[in-house]
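Numbering-wise (the numbering used here), the sequence shown opens with residue 55 and increments by one.
Structure first, commentary second.
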Amino acid sequence: MARVSSNWWKWNHTKTVLLLWLISATVFYTLFKMALRNADHSSSSDSSVSYAEQRSKLYDNMARDLDEHGALFLKGGETSQSLSISDIFTIKDGSVAPVLKAANPPVRANVLYLGTEYSQPISEAVRQIFNPYFDKAIWFQNSSLYHFSMFHASHHIVPVPATENEKEVEANAVSMVAKELCPLRIVLDRVVLTSTGVLLGCWQVISGPDPVTIRSKLRTALPHAPEKQLYDAAILHTSFARLLGRPKASTMELRKSDEIQFFHELVARLNNQLHGFKAVVSELWYVEEYDVLALALNGRMKAHRFQHGCKKT
Ligand SMILES: *[C@@H]1O[C@H](CO)[C@@H](O)[C@H](O)[C@H]1NC(C)=O
């Protein structure tokens with residue numbers, strides 16, 4: 055009886071060891087295969103991870119800008135395109151109006167377009183939070199024209215004049231780029247207020263082509279474009295509003311240091327509402343801007359709109 059149970063125990067023990075060994079081997083083999091697969095894909099996934107990191111660092115720096123440089127827009131600051139705020143806005147009939155100036159030659163911008171199904175809820179949140187404090191000292195981006203600036207065929211710093219024919223060739227080349235692009239699924243990472251008073255949405259890419267790739271395709275398609283472009287190759291941002299002056303005095307008596315703190319609080323409130331907001335982008339525009347900053351200021355422009363085709367080449 056004792057021998058039987060001892061043998062039985064031995065056999066059971068062996069079975070257990072075998073089973074454990076088999077499980078470990080399977081787990082090891084699976085992990086090993088996953089590691090191999092990752093190594094295969096590492097070149098592409100590595101770069102998209104690093105583009106995302108590049109954007110995060112850029113956005114961190116942009117968020118620090120207000121603390122580092124102060125609220126320059128209260129002293130008649132400059133925009134991202136080196137134009138003084140006081141040069142581009144005026145108060146007309148008690149409300150803010152842009153001062154439109156002809157762009158000579160017209161600027162030719164390539165932008166990704168954000169549809170109104172996404173821009174309108176964002177625009178409403180921005181107005182709701184900022185309007186009560188900046189009654190006339192704020193300009194809201196037209197929610198029908200929310201866009202991500204990608205690449206300029208000609209800008210005001212390095213103008214590249216073009217004939218009607220040359221513009222047609224350019225528009226056509228951009229349409230070919232759009233045909234290849236798949237839609238971008240994106241998420242709003244954070245809202246920042248720059249020292250120049252521009253309220254920006256800073257986005258990350260969930261899936262689809264990276265802005266770095268899109269800009270590089272546009273550069274190839276537009277060989278006469280200025281070598282030096284206006285923005286970092288990784289950035290994906292859209293402008294929501296421009297602050298033009300102090301918050302209403304009646305709101306509170308603000309000391310200089312409190313003022314910056316107050317701006318941070320408003321931005322934090324907007325971030326609470328908009329952080330994580332998702333959108334899909336599937337239109338590339340080639341825009342001739344006849345007025346300086348026409349896309350931002352409702353100026354005169356001609357937009358050629360191209361749907362992303364997501365076609366393999
Ligand atoms: C906003 O843009 C749309 C499309 O270009 C235009 O029809 C509309 O008049 C603009 N709104 C304002 C207030 O300028």
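Glycine is no exception: its CB is placed at the ideal position from the N, C-alpha and C atoms.
According to DSSP, residues forming a beta bridge with residue i
i: Q258; result: V241
i: H358; result: Y340
i: H209; result: For H209, which the question treats as bridged, DSSP gives no partner whatsoever.
i: D345; result: A156
i: V246; result: L254
i: H201; result: Y167
i: R162; result: S208, E342
i: F194; result: A295
i: S149; result: K146
i: A275; result: DSSP output for A275 lists no bridge partner at all.
Closest by C-alpha distance to residue i, when choosing among the options
i: D147; options: A157, K190, E281; result: K190
i: S208; options: K366, A350, V346; result: V346
i: D243; options: Q258, T250, A232; result: Q258
i: L254; options: L351, V246, P215; result: V246
i: W193; options: A227, V150, A117; result: V150
i: R300; options: A163, F127, H278, E343; result: F127
i: D286; options: R269, L297, L298; result: R269
i: P152; options: L298, H318, Q315, W339; result: L298
i: S318; options: Y172, L112, A117, Y105; result: A small fix is needed here, since residue 318 is His in this sequence, not Ser. The shortest Cα separation from H318 among Y172, L112, A117, Y105 belongs to A117.
i: V214; options: E171, A157, V228; result: A157
i: D119; options: G251, C364, Q108; result: G251
i: N164; options: I142, K365, F360, V341; result: V341
i: D284; options: F143, V212, T274; result: Checking the sequence shown, residue 284 turns out to be Leu, not Asp. Nearest option by C-alpha distance: V212.
i: L199; options: N185, P186, L168, A216; result: L168
i: Y113; options: A348, C256, L320; result: C256
i: V103; options: P263, I142, E218, A216; result: P263
i: Q315; options: N115, D121, T217; result: D121
i: A216; options: H278, F360, A106, L328; result: H278
i: L320; options: T144, N185, C364; result: N185
i: F143; options: R239, E218, A348; result: A348
beta-carbon residue i near ligand 1 non-hydrogen atom, thresh 7 Å
i: L199; result: yes
i: N352; result: yes
i: N196; result: yes
Beta-carbon gap between residue i and residue j smaller than 8 Å
i: P237; j: V334; result: yes
i: H358; j: A225; result: yes
i: P265; j: M355; result: no
i: L166; j: E337; result: yes
i: L324; j: I183; result: yes
i: T367; j: E234; result: yes
i: P280; j: H206; result: yes
i: V231; j: L272; result: yes
i: G330; j: E343; result: no
i: H123; j: V161; result: no
i: S177; j: S197; result: yes
i: Q108; j: A288; result: yes
i: Y187; j: K282; result: no
Rounded distance between the beta-carbons of residue j and residue i, thought under 8 Å
i: T292; j: F202; result: 5 Å
i: A125; j: S249; result: 7 Å
i: A350; j: V180; result: Not a contact, Cβ separation roughly 14 Å.
i: K332; j: V241; result: 5 Å
Contact test: residue i Cβ vs ligand 3 heavy atom, cutoff 7 Å
i: T267; result: With respect to ligand 3, the structure offers nothing, as its ligand set consists of ligand 1.
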